[in-house]
Each structure stands twice: as structure tokens, then as C-alpha cells.
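The structure appears below as C-alpha cells.
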Amino acid sequence: DWNMPDYANEAIEKVRAQVGQEEVILGLSGGVDSSVVAALLHRAIGEQLTCVFVDNGLLRLNEAEQVMLTFARNLGVKVIHVDATEQFMGHLKGVTDPEAKRKIIGREFVEVFQTEAQKLRANGAEAKWLAQGTIYPDVIESAGSKTGKAHTIKSHHNVGGLPETLNLKLLEPLRELFKDEVRELGIALGLPHEMVYRHPFPGPGLGVRILGEVKHEFADLLRRADAIFIDELRAADWYDKTSQAFAVFLPVKSVGVMGDGRTYEYVVALRAVQTQDFMTAHWAELPHSLLGKVSNRIINEVRGINRVVYDISGKPPATIEWE
Ligand code: XMP
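Residues 572 to 894 (this note's numbering) make up the sequence shown, in order.
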């Protein structure tokens with residue numbers, strides 16, 4: 572007989588027994604898994620937890636503010652907010668290859684994290700533990716790739732990488748849980764429904780949703796278009812009926828008319844999918860009226876975009892992300 576509040580209490584006790592009086596560091600992304608780990612560890616060990624939130628300039632609209640509000644302001648979690656936008660953008664300049672972009676973003680994340688860990692050490696709050704939001708399916712997947720069973724189509728950068736370079740003990744309190752259990756645990760720990768039932772967001776963020784070279788200007792346009800799409804999905808009660816939905820920036824210009832002028836601006840693609848396991852997915856049959864509204868709003872409100880298209884590709888053969 573299994574119940575989530577009991578599980579939460581057991582998990583809290585287990586963490587306390589495991590880490591004792593030592594300090595723990597956690598990379599908080601704002602995603603479901605790291606958020607639940609943060610809430611759990613905060614309950615278990617309070618001030619012994621330090622979270623590092625890295626703004627790489629590739630986050631969604633107002634994401635940094637929301638994470639700081641939820642964790643630092645409302646829950647009182649110690650969160651170091653690092654604005655590393657220029658560092659990431661600088662290293663991504665001129666890079667167009669999707670795998671190269673992923674590697675750079677992953678590498679810079681480790682860089683920033685390591686620097687913050689060293690600062691803590693210098694301040695006498697040396698972390699002995701690295702907490703990670705690894706969940707059961709991640710454990711299975713990386714076991715598969717070690718034995719060569721799973722075929723790597725894209726390099727996912729959020730599993731592994733950090734522990735070896737930092738020489739920390741690993742704390743993975745969600746290791747036995749499936750995604751729906753992680754969500755229940757988040758609710759039991761008092762996290763807001765909206766945060767716990769959020770669509771997944773890839774580690775490389777908008778970096779893989781801006782095709783080709785990543786530029787500030789493109790990221791700003793994409794953030795605004797994406798926010799409008801998500802807004803309208805929520806308003807139409809479609810957010811929870813899709814597994815993942817987002818906008819993609821295409822660095823292609825097409826001709827349009829606006830008032831009595833000709834425009835020559837960029838294109839945004841909308842992607843919304845339904846899936847159980849993200850290994851296969853169907854494109855969501857969103858109502859045409861909803862798509863129409865989103866398109867009108869994006870074109871009217873985001874100067875620089877004059878055309879919106881809808882992605883009707885399944886996975887396979889397409890992937891969910893465009894890069
Ligand atoms: P694809 O595009 O491979 O995506 O069909 C499947 C799921 O994985 C997410 N995704 C990532 N998540 N780091 C992540 O944490 C990554 O590098 C990454 N690449 C893809 C994608 O958003 C979808 O949910």
C-alpha cells in the first residue's frame with residue numbers, strides 16, 4: 572500500500588541520513604525533475620542546500636524571474652542566479668551545426684557550475700554532494716547506451732558530465748521514480764501544479780529551437796512568439812492535452828504585406844505533440860481557430876515575424892525538436 576505523502580517523508584529521512592551535516596549543491600533548471608529535487612532537499616536539509624540557476628540566454632520568457640520567485644522568494648531556498656548569457660552567446664557565435672551547439676551549451680554549463688562550486692568552497696561552504704534530478708527512465712536509458720543498446724540520435728547533455736569533473740558524491744533522490752511519481756511527489760511537497768505539470772524543456776533550451784546560428788535577436792523574437800503560443804494553448808484548455816508544445820525560429824525570410832507596406836521578415840513554426848514516452852509522437856490536431864489566433868497574435872505582436880507555419884510531422888520520422 573503506497574502513498575505519496577509517506578513516500579515524501581521517507582525520502583526526506585533518507586536524504587538526512589545520507590548527507591548528515593554536509594553541504595549539497597544542485598543545478599536548478601526550472602524543469603520538473605530538478606524543481607522536485609530542490610523542494611525535497613530544502614525540506615530535508617534546508618540551509619545545507621545551495622542551488623545554482625544558470626541563465627544561458629536560451630530560456631523561455633520570464634523563466635529566470637519565475638524560478639527565483641518560486642524557489643528563492645516563496646520557498647526560501649538558497650539559489651545563486653548566474654547570468655551567463657554573454658558567455659554562452661559568445662561561444663555559440665558562428666556555430667550552426669546542431670551537435671556542435673549542444674556540446675558547447677553542455678560544456679559551458681559545466682564551466683559555470685564548476686566556477687560557482689569553487690566560489691562556495693572559497694567561502695567556506697564547500698559542497699560534498701552534487702544532487703541531480705535523475706529519474707528511473709534516465710537510469711535505464713544511460714545503462715542502455717553504455718552497453719551500446721540505445722542508439723544515440725542526439726546527445727542529451729543533462730545526464731552525466733558533472734560528477735567526474737567536480738569530484739562530488741552523487742545524490743539522486745528521484746532515481747527510483749517514474750515521471751508521474753515525480754509529479755505526485757512535487758505536489759505532496761507543495762510545489763504549484765503549474766510547475767509540476769509543465770511540459771518538458773530540453774537542456775540546451777532555445778539553442779536547439781533556433782535553427783542554425785544562435786543570435787540574441789532570434790532568441791528574443793522566439794521567446795515572445797513561444798509565450799503567445801503557450802498562453803493561447805492554456806486559454807483554450809489545450810496545454811494539458813498536449814505533451815509538449817513550443818515555437819521554433821527559422822532563420823529564413825519571406826515576403827508579406829502589412830498595411831500598405833511590403834514586409835520581408837522571419838518565419839516561426841509551431842510544434843505541438845502528443846506522446847506517452849517521447850520515443851514516438853503524433854502532431855496534435857489543434858483546432859484551426861486556435862492556430863489562427865496564435866498566428867494572428869504572433870504576427871501582430873512580434874515585429875520581425877511575418878509568417879507562422881504548423882509542423883505536421885510525426886516522430887518518427889521527424890524528432891520532436893527540430894535540432
Ligand atoms: P526528440 O527531439 O529527440 O526529443 O524527439 C525527445 C524529448 O527529449 C527532449 N530533448 C532533450 N532533453 N536535453 C534534454 O534534457 C537534450 O539535449 C534534449 N534533446 C531533446 C525533447 O524536448 C523531447 O521532450
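We put the beta carbon where it would ideally sit given N, CA and C, even for glycine.
Compute the Euclidean distance between the alpha carbons of residue i and residue j, then round it to the nearest angstrom.
i	j	result
Ser606	Leu599	7 Å
Gln845	Arg614	34 Å
Arg678	Trp573	40 Å
Val839	Asn694	46 Å
Phe820	Gly628	15 Å
Glu593	Leu612	12 Å
Ala688	Val590	17 Å
Val650	Gly617	12 Å
Ile870	Thr834	11 Å
Glu856	Pro887	17 Å
Leu701	Lys740	6 Å
Phe789	Pro576	44 Å
Asn867	Arg795	13 Å
His853	Gly885	5 Å
Met829	Ile781	25 Å
Ala714	Gln619	31 Å
Phe601	Asp831	It should be pointed out that residue 601 corresponds to Gly in this sequence rather than to Phe. Those two C-alpha atoms are separated by around 44 Å.
Do residue i and residue j have their C-beta atoms within less than 8 Å of each other?
i	j	result
Asp797	Leu632	yes
Leu793	Ala759	no
Val767	Val648	no
Val586	Leu745	no
Met660	His859	no
Val653	Val623	yes
Glu872	Ile799	yes
Pro822	Gly863	no
Asp895	Leu841	For residue 895 there is no data in the structure shown, the boundaries of the chain being 572 and 894.
Pick helix, strand or coil for residue i, following the three-state DSSP scheme.
i	result
Arg878	strand
Ser605	helix
Phe800	helix
Ser825	strand
Gln703	coil
Gln815	strand
Lys886	strand
Phe772	coil
Leu741	strand
Phe642	helix
Arg678	helix
Ile891	coil
Arg805	helix
Asp577	helix
Glu584	helix
Ile619	A small correction: the amino acid at residue 619 is Gln; Ile does not occupy that position in the sequence shown. In this structure, Gln619 counts as helix in the three-state DSSP scheme.
Am I right that residue i and residue j are in contact with their C-beta atoms under 8 Å? What's the rounded C-beta distance?
i	j	result
Val865	Glu803	5 Å
Val538	Ile706	An answer regarding residue 538 cannot be provided, because it is not within the stretch 572 to 894 covered by the chain.
Val625	Phe684	7 Å
CB-CB under 7 Å to residue i, same chain, minus the five flanking residues each way: which ones, in chain order?
i	result
Arg878	Ser825, Gly827, Val838
Glu836	Lys824, Gly827, Gly875, Ile876, Asn877
Gln815	His770, Pro771, Val844, Ile891
Ala579	Leu756, Ala759, Leu760
Pro773	Val779, Glu892
Thr656	Asp626, Asn627, Gly628
Whose C-beta lies closer than 6 Å to the C-beta of residue i among residues of the same chain, with five residues either side of it excluded?
i	result
Glu894	Pro669, Val779
Gln703	Glu743
Tyr810	Leu804
Ala635	Asp626
Lys750	none
Is any heavy atom in the ligand COA found nearer than 7 Å to the beta carbon of residue i?
i	result
Lys690	Inclusion of the ligand COA in the displayed structure is not the case, the ligand content consisting of the ligand XMP alone.
Return the chain-ordered list of same chain residues with a C-beta closer than 8 Å to the C-beta of residue i, the five sequence neighbours on each side being excluded.
i	result
Leu691	Glu594, Ile596, Thr621, Glu697, Ala698
Lys672	Leu663, Val666, Pro775, Gly778, Val779, Val785, Glu894
Pro763	Thr641
Thr851	Gly885, Lys886, Pro887
Leu748	Ile706, Tyr707, Leu756
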